[in-house]
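Undergrad: Counted the way our numbering counts, the sequence shown spans residues 691 to 921. One structure coming up, written as structure tokens, with questions to follow.
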Amino acid sequence: MLLMDLLYPRRCVLCDRVLPTGAEGVCADCAGKLRVIREPWCLKCGKPLRDEREEYCADCRQRTHAFLQGRALYEYKSVSRSMLRFKAGGRYEYGHFYGRRLAEELGDTIRSWKPECIVAVPVHRSRLRTRGYNQAEVIARSLGRELGIPVDTRLIRRSKKTVPLKNLTLAERQNNLKKAFKLCRNDVKLKTIIVIDDIYTTGSTMDAVAQVLKNAGIERVYCVCAAIGKG
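So this is what it looks like as structure tokens:
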């Protein structure tokens, strides 16, 4: 392990500086910068709430979702640069950190849902070729290993190359994602699934995936993300 650390030094997931030998995750300088989602959070999507008297965020009060319930680990602002390097900068190893931390923080909740498998939001094959990996799948596999839950990477695929959602309105996001996902088999006998993604913003991607799964007869679809915005 020490030799591997010398050849491929581990880096802080926030600042990307090389960590001391044997260390992993976050360096001492960055440890206090991570913002874990604590109560109160939206009972539907998991976004942090300002007022503990509220039950749902403004987004979820205005629209319905295809998924049953969602939870998230970190406030997006505290990990935004990390997420950019993870998704577009080749920092594949960050996903293992996020998967482990999800298991530590949300493991009890995830187990209480009694999922039969975990599914990662798929990326289009062209992006997979360019990036080399699906960041949501890296997180999903790490989380699955930690909790002993199988990960199914062949249940659903992304059949349509969508444009980046970042600067689109909600309506544009929903239109962009129409028919973006397809089920890969017709004999699905699962009843409860958790869908994993790296970032949750409006929930449009999660809804698109969840709806395909529900149309296949899956009764309960939950969503879990590494990071989430405030709405």
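A virtual CB, placed ideally from N, CA and C, is assigned to each residue, including glycine.
Do the stretch 799-806 and the stretch 909-920 meet, that is, are 3 or more Cβ pairs less than 8 angstroms apart?
TA: Contact holds: three or more Cβ-Cβ distances are below 8 angstroms.
Undergrad: Taking the CB atoms as reference points, tell me whether residue 896 and residue 878 lie closer together than 8 angstroms.
TA: Residue mapping note: residue 896 aligns to position 206 of the sequence shown, counting from 1. Residue mapping note: residue 878 aligns to position 188 of the sequence shown, counting from 1. Against a cut-off of 8 angstroms, the Cβ pair of residue 878 and residue 896 comes out as no contact.
Undergrad: According to DSSP, is residue 902 part of a helix, a strand, or is it coil?
TA: Within the sequence shown, residue 902 is the residue found at index 212, counting from 1. Correct three-state label for residue 902: helix.
Undergrad: List the residues that DSSP assigns as beta-bridge partners of residue 760.
TA: Within the sequence shown, numbered from 1, the residue matching residue 760 stands at position 70. Paired residue(s): 913.
Undergrad: At what residues does the beta strand (DSSP E) containing residue 808 begin and finish?
TA: In the sequence shown, residue 808 corresponds to position 118, counting from 1. Element bounds for residue 808: 807-810.
Undergrad: Between residue 796 and residue 761, is the Cβ-Cβ spacing less than 8 angstroms?
TA: For this step, residue 796 is matched to residue 106 along the sequence shown. For this step, residue 761 is matched to residue 71 along the sequence shown. In contact: residue 796 and residue 761 (Cβ atoms closer than 8 angstroms).
Undergrad: Can you give me the start and stop residues for the alpha helix (DSSP H) that residue 749 sits inside?
TA: Here residue 749 refers to the residue found at position 59 when the sequence shown is read from its first residue. Taken as a continuous stretch (DSSP letters only), the alpha helix (DSSP H) holding residue 749 covers 748-752.
Undergrad: Please check the pair residue 777 and residue 825, which I expect to be a contact at CB under 8 angstroms, by giving their CB distance rounded to whole angstroms.
TA: By 1-based counting over the sequence shown, the position of residue 777 is 87. By 1-based counting over the sequence shown, the position of residue 825 is 135. Confirmed, Cβ separation roughly 5 angstroms.
Undergrad: Could you compute how far the alpha carbon of residue 692 sits from the alpha carbon of residue 741?
TA: Along the sequence shown, one-based indexing puts residue 692 at 2. Along the sequence shown, one-based indexing puts residue 741 at 51. Reliability fails at residue 692, whose pLDDT of 47 lies under 50, so the model's placement of it is uncertain and no value is given.
Undergrad: Rounded to the nearest angstrom, what separates residue 828 and residue 785 at their Cα positions?
TA: To locate residue 828, count along the sequence shown from 1; it is residue 138. To locate residue 785, count along the sequence shown from 1; it is residue 95. The alpha-carbon atoms of residue 828 and residue 785 are separated by roughly 5 angstroms.
Undergrad: Assuming residue 920 and residue 737 form a contact by the criterion Cβ under 8 angstroms, report the distance between their Cβ atoms to the nearest whole angstrom.
TA: Along the sequence shown, one-based indexing puts residue 920 at 230. Along the sequence shown, one-based indexing puts residue 737 at 47. With a Cβ gap of about 6 angstroms, residue 920 and residue 737 count as contacting.
Undergrad: Nearest CA to the CA of residue 848: which residue from 700, 810, 800?
TA: Translated into the one-based positions of the sequence shown, residue 848 becomes position 158. Closest option to residue 848, Cα to Cα, is 810.
Undergrad: With a threshold of 16 other CB atoms inside 10 Å of the CB of residue 774, please say whether the residue is buried or exposed.
TA: The residue you call residue 774 lines up with position 84 of the sequence shown. When all chains shown are included, residue 774 counts as exposed.
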